[in-house]
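Input: a single structure, listed below in structure tokens.
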Amino acid sequence: MTAVRMTAWQRPPEVTRLPVPEPGPGEVLIEVAGAGVCHSDLHVMEWPAGAVPYDLPFTLGHETSGRVRAFGPGARSPGLDEGDAVLVYGPWGCGICPACARGAENYCRRAGEIRAAGGGLGADGGMAHHMIVPSPRLLVPIGDLDQLVAAPLTDAALTPYHAVKRSLHRLVPGTAAVVIGIGGLGHMAVQLLKALSPAEVVAVDVAEDKLDLAAEAGADHRVPAGEGAAERIRSITDGLGATLVLDCVGADATMATAAAAAAVESDVTVVGLAGGTLPVRFGAVPFEASVAIPYWGTRGELAEVVALARAGRIRPHVETHPLEQALEVYQRLRDGRVEGRAVLVPGG
Ligand code: NAD
Ligand code: ZN
Ligand code: ZN
């Protein structure tokens, strides 16, 4: 089968051939339908050896949808059959610690010992015709949802879902929420905010076409990024600022905009990994603003995201490409030319 593999640090991945894997004890073999192309992969390719504790080589792809093809010994579970359409929950923890026990494998207490964050991030992921998932607990059935549209739910939607959910109690009528960076995560964040809260949603991006996508996703206001963006947001919110600023870029400039656009008693939530720094001191952030850097989401939350999608309340905007064109698609993402999320299709 074709697979897209990281074989060296600070080098592009390789499109190569591998044998179809066989599921071992407890494992499940998935035939991949679609693999979302996340900006985090571009960071992983740029970071030097040692920045993340992953062993090479491994197959990329941490946003995977597909069908169950075979169970390894002991892996059969009630509620899951051969042929079922599923999403692969991305962060793979130990499955046993208190965080994993409540489904928060994104915060597994043994993460340091595992040397992989999940399939596509240190272990073999979904940019291949088949992938092995270590346990049926990491699969979420999706019923008759379109499998290619559903793939980005596992990260592009789950990450902002987790990030937004912790602020919902603050997003009462009359408040505003800002999303900075309307890419894969950001366009889902806009949809999620519209589906889950009465807040006015303000979209910020450097690119006009991304602001168009935000408007399609339901954003109430569009603000070009950069100088004057925070002032625009303050004027939209009658000078109060935003109760949630979700920064899906995480650069110095966007974090500065986030702090300047936030209200008193607000959440400044940074999910983008661009490596920026936000100085926190008296006068630099509004009174009683909380700054958080959440990571991905829980298994239970992925089931909630799937339920929202099945109810027609959210729908990723996807462009599909053949798996074999992975390198060109990564370049498209680097150049800011992907609209919503790119999904790679094996044999497609
Ligand atoms: P993407 O490339 O699809 O989207 C990025 C968007 O940001 C684009 O629309 C781009 O035009 C916009 N942008 C770039 N610079 C900007 C600026 N200065 N101001 C405003 N907008 C700007 O990326 P994505 O896949 O949505 O990922 C976004 C970020 O989130 C990445 O850094 C990724 O690594 C990170 N991420 C974090 C988590 C987590 O758990 N914390 C999970 C997934 C992705
Ligand atoms: Zn990702
Ligand atoms: Zn654990």
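Sequential numbering of the sequence shown, starting at 1, is according to the UniProt record's numbering.
C-beta atoms are modelled at their ideal positions from N, C-alpha and C, and glycine is treated no differently.
Quantities reported herein were computed from a predicted structural model and do not represent experimental measurements.
**Asked** Under a criterion of Cβ closer than 7 angstroms to any non-hydrogen atom of ligand 3, which residues qualify, in chain order?
**Response** Counting only residues whose CB is nearer than 7 angstroms to a non-hydrogen atom of ligand 3, the list in chain order is G93, C94, G95, I96, C97, A99, C100, E105, C108, R109 and R110.
**Item:** Whole-angstrom distance between V133 and A217, CA atom to CA atom
**Value:** The straight-line gap from Cα to Cα measures roughly 32 angstroms.
**Request:** Please classify V270: does DSSP put it in a helix, a strand, or coil?
**Result:** Three-state result, V270: strand.
**Cβ distance (whole Å) where P160 is taken to contact M127 below 8 angstroms** = Not a contact, Cβ separation roughly 22 angstroms.
**Prompt:** What is the DSSP secondary structure of R76, reduced to helix, strand or coil?
**Reply:** Per DSSP, reduced to three states, the secondary structure at R76 is coil, with no helix or strand assignment.
**Whole-angstrom C-beta distance between R234 and A261, which should lie under 8 angstroms** = Between A261 and R234, the beta carbon gap of about 7 angstroms places them in contact (Cβ cut-off 8 angstroms).
**Request:** Inspect the beta-carbon positions of D101 and L344 and report whether they are closer than 8 angstroms.
**Result:** According to the sequence displayed, residue 101 carries Ala and not Asp. At least 8 angstroms separates the beta-carbon of A101 from that of L344.
**Item:** Sequence-distant residues of the same chain with beta carbon closer than 6 angstroms to G66, five excluded per side
**Value:** Cβ neighbours of G66 beyond the five flanking positions: I30, E31, V32 and A33.
**Prompt:** Using CA coordinates, which residue listed in R5, E324 and A70 is at the minimum distance from V44?
**Reply:** Checked all of R5, E324 and A70; the closest Cα to V44 is R5.
**Prompt:** Which one of E227, L139 and R110 has the shortest CA to CA distance from G119?
**Reply:** Nearest of E227, L139 and R110 to G119, Cα basis: L139.
**Asked** Shortest alpha-carbon distance to L246 belongs to which of G239, D238 and A263?
**Response** Its Cα nearest to that of L246, the residue A263 stands out among G239, D238 and A263.
**Asked** Would the C-beta of W296 count as close to ligand 1, meaning under 7 angstroms from any of its heavy atoms?
**Response** Correct: W296 has its Cβ closer than 7 angstroms to ligand 1.
**Cβ-heavy atom distance, H39 to ligand 1, below 7 angstroms** = Flag set: Cβ of H39 near ligand 1.
**Prompt:** In this structure, does DSSP put I180 in helix, strand or coil?
**Reply:** Residue state, collapsed to three classes: strand.
**Request:** Please list, in chain order, all residues of the same chain as T269 whose beta carbon is under 6 angstroms from its beta carbon, the five residues on each side excluded.
**Result:** Excluding sequence positions up to five before and after T269, its CB lies within less than 6 angstroms of the CB of A163, L246 and A292, all in the same chain and listed in chain order.
**Sheet register partners of S135 (DSSP bridge)** = Answer is none; S135 lacks a bridge partner.
**Message:** Tell me which residue opens and which closes the alpha helix (DSSP H) that E231 is part of.
**Reply:** Residues A229 to I236.
**Prompt:** For ligand 1, any of its heavy atoms closer than 7 angstroms to the Cβ of D124?
**Reply:** Outside the cutoff, so no.
**Request:** Kindly indicate which three-state DSSP category H221 falls into: helix, strand or coil?
**Result:** DSSP, read as helix, strand or coil, puts H221 in strand.
**Message:** For ligand 2, is there any heavy atom lying closer than 7 angstroms to the beta carbon of residue 352?
**Reply:** Examination of residue 352 is not possible in this model, given that the chain is present from 1 through 348 alone.
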